[in-house]
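Q:
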Amino acid sequence: MMDRLIGIDYGRKRTGLAASDPLGIFASALDTVPSAKIIDYLKKYSEKETITCIVIGYPMNLNGNPSEAAKDVDAFVPALRKAFPGVPIEFEDERFTSVLAHRAMIDGGMKYKDRKDKSSVDRISAAIILQSYMDRKSKGL
Numbered sequence: 079m080m081d082r083l084i085g086i087d088y089g090r091k092r093t094g095l096a097a098s099d100p101l102g103i104f105a106s107a108l109d110t111v112p113s114a115k116i117i118d119y120l121k122k123y124s125e126k127e128t129i130t131c132i133v134i135g136y137p138m139n140l141n142g143n144p145s146e147a148a149k150d151v152d153a154f155v156p157a158l159r160k161a162f163p164g165v166p167i168e169f170e171d172e173r174f175t176s177v178l179a180h181r182a183m184i185d186g187g188m189k190y191k192d193r194k195d196k197s198s199v200d201r202i203s204a205a206i207i208l209q210s211y212m213d214r215k216s217k218g219l
């Protein structure tokens, strides 16, 4: 089993997931799962890999206050803590992740039809959230 950090782009309907490489340097898009099944999915995942930290994108408004969607994240976190009691949960500002995800898909040559698939955006957003957290930590911020 390898150590992994998990990135979560939580949504009311769908949740994007990402995982780090074992060294915690690179984030990769993992999957998009119906939000109601996210804990089961992560429990199965944790049978194969060791989850050392969970990083959840935290929705903020441009003024730096939590957005309306932050309530959904706040409601989800206690269940996550209960399911993974020993795993630290960190929050990462996700203000610009969907914009960055769309840009990454365009730059990567993804076709318009595929970019309209919201599950791709969720997965890539989760990877951007996790990567931004890891980059910040590696710089000691």
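The C-terminal position of the sequence shown is numbered 219 in our numbering, with every residue numbered one higher than the one before it.
Backbone N, C-alpha and C fix where the C-beta goes; we use that ideal spot for every residue, glycine too.
#1: Output the distance between the C-alpha atoms of M138 and K149, rounded to the nearest integer angstrom.
#2: Whose CA, out of F104, D213, I86 and Q209, lies closest to the CA of V111?
#3: Give me the Cα-Cα distance between E127 and F104, rounded to the nearest whole angstrom.
#4: For a quick check, are the C-beta atoms of I117 and A153 less than 8 Å apart?
#5: Alpha carbons only, please: which of A157, L101, I167 and K121 is nearest the one belonging to G135?
#6: So I202 packs on A97, CB below 8 Å; how close in whole Å?
#7: Tell me which residue opens and which closes the alpha helix (DSSP H) that Y136 is part of.
#8: For the beta strand (DSSP E) holding V155, just list the boundary residues, first then last.
#9: What's the C-alpha gap between K215 and K189?
#10: In chain order, what residues of the same chain have a beta carbon less than 7 Å from the beta carbon of S210, not counting five sequence neighbours either side?
#11: Could you tell me the boundaries of the beta strand (DSSP E) in which L101 lies?
A: Taking the structure as given:
#1: Walking along the sequence shown from the start, residue 138 turns up at place 60. Walking along the sequence shown from the start, residue 149 turns up at place 71. When rounded, the distance between both Cα atoms is 11 Å.
#2: In the sequence shown, counting from the first residue as 1, residue 111 sits at position 33. That would be I86, whose Cα lies nearest to the Cα of V111.
#3: Taking the sequence shown and counting its residues from 1, the one referred to as residue 127 is at position 49. Taking the sequence shown and counting its residues from 1, the one referred to as residue 104 is at position 26. A direct Cα-Cα distance of roughly 16 Å separates E127 from F104.
#4: Mapped onto the sequence shown, residue 117 falls at position 39. Mapped onto the sequence shown, residue 153 falls at position 75. Contact flag unset, no.
#5: Locating residue 135 in the sequence shown gives position 57, counting from the first residue. Answer by Cα proximity: I167.
#6: Stepping through the sequence shown from its first residue, residue 202 is reached at position 124. Stepping through the sequence shown from its first residue, residue 97 is reached at position 19. By a beta-carbon distance limit of 8 Å, I202 does not contact A97. Their separation comes to about 13 Å.
#7: Taking the sequence shown and counting its residues from 1, the one referred to as residue 136 is at position 58. For Y136, no alpha helix (DSSP H) encloses it; the enclosing beta strand (DSSP E) starts and ends at T128 to Y136.
#8: Locating residue 155 in the sequence shown gives position 77, where the first residue counts as 1. Counting along the chain, V155 falls outside any beta strand (DSSP E), though it belongs to the alpha helix (DSSP H) covering A148 to A161.
#9: For the purposes of this step, residue 215 is taken as the residue at position 137 of the sequence shown. For the purposes of this step, residue 189 is taken as the residue at position 111 of the sequence shown. The alpha-carbon atoms of K215 and K189 are separated by roughly 33 Å.
#10: Sequence index remark: in the sequence shown, residue 210 carries index 132 (1-based). Around S210: E170.
#11: Counted from its first residue, the sequence shown places residue 101 at position 23. Annotation for L101: no beta strand (DSSP E) segment contains it, and DSSP assigns it neither H nor E.
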